[in-house]
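**Student:**
Here is the structure:
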């Protein structure tokens with residue numbers, strides 16, 4: 259089983275006799291993936307799995323994850339701040355602001371037609387997702403997209419306000435005030 263897992267993640271089974279310090283970051287990440295696959299999961303939670311890797315190694319690991327998804331029928335809950343990674347790996351995207359979901363949609367819908375001001379500011383900070391280009395947090399801050407007080411009223415939620423998920427069609431949903439009008443959301 260262990261040798262098969264090593265092959266599955268693209269590592270030579272002869273590496274089994276090596277010490278951990280002798281592996282590169284990309285190889286260590288592949289070993290972590292193999293360890294997770296040993297349990298034969300249906301769902302893998304991947305929390306920033308490539309953020310500490312060089313761009314070329316990121317691409318290799320992302321390609322591996324995509325191949326494993328197709329080959330093994332896996333589902334990923336992929337957590338990342340890198341929009342290029344999300345654009346490459348995700349089918350559906352959920353955007354969180356301060357620990358709270360604010361928008362959910364298919365990848366294509368979210369990247370082409372974001373509804374929530376925070377999602378818009380994220381996408382404006384990186385207009386063309388690129389693995390080598392990190393998020394510009396200063397652009398997000400200066401646009402007001404990260405400050406709920408600067409959002410349109412429909413999106414301003416506090417501890418006392420009721421919120422709802424507005425269905426914008428085709429599985430695209432956005433969190434807004436209970437009395438928000440869907441027409442006002444997409445302006």
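In our numbering, the protein residues as written are 259 to 445.
A virtual CB, placed ideally from N, CA and C, is assigned to each residue, including glycine.
(1) Cα-Cα, which of 295, 287, 279, 432 is closest to residue 363?
(2) Name the two residues that bound the continuous beta strand (DSSP E) containing residue 360.
(3) Could you check whether residue 302 and residue 294 sit closer than 8 Å to each other, using their CB atoms as the reference points?
(4) Enumerated in chain order, which unbroken segments of the alpha helix (DSSP H) with a length of 4 residues or greater are wholly contained in the stretch 322 to 377?
(5) Which residue comes first and which comes last in the alpha helix (DSSP H) that contains residue 260?
(6) Indicate whether the contact test is met: 3 or more Cβ pairs, each with one atom in the stretch 322 to 336 and one in the stretch 366 to 380, closer than 8 Å.
(7) Over the uninterrupted beta strand (DSSP E) stretch that includes residue 435, give me the two end residues.
(8) For residue 335 versus residue 267, is the C-beta distance shorter than 8 Å?
(9) Let me make sure I understand the geometry here. Which of 347, 262, 290 has the alpha-carbon closest to that of residue 365?
(10) Output needed for residue 304: all residues of its chain with C-beta closer than 6 Å, excluding positions within five of it in sequence on either side, in chain order.
(11) Relative to the C-alpha of residue 436, which residue among 427, 423, 429, 430 is closest?
(12) Only counting the same chain, and skipping five residues up and downstream in sequence, which positions put a Cβ closer than 6 Å to that of residue 454?
**Tutor:** In brief:
(1) Among 295, 287, 279, 432, the Cα nearest to that of residue 363 is on 432.
(2) For residue 360, the enclosing beta strand (DSSP E) stretches over residues 358 to 364.
(3) yes
(4) Secondary structure in the stretch 322 to 377: the alpha helix (DSSP H) runs of 4 residues or longer, each lying completely within the stretch, are 341 to 347, 365 to 370 in chain order.
(5) 260 to 266
(6) no
(7) Note, residue 435: beta strand (DSSP E), 431 to 435.
(8) No, the pair does not count as a contact, with Cβ atoms beyond the cut-off.
(9) 347
(10) 334, 336
(11) 423
(12) Lying before the first or after the last residue shown, residue 454 is absent from the chain, which here runs from 259 to 445.
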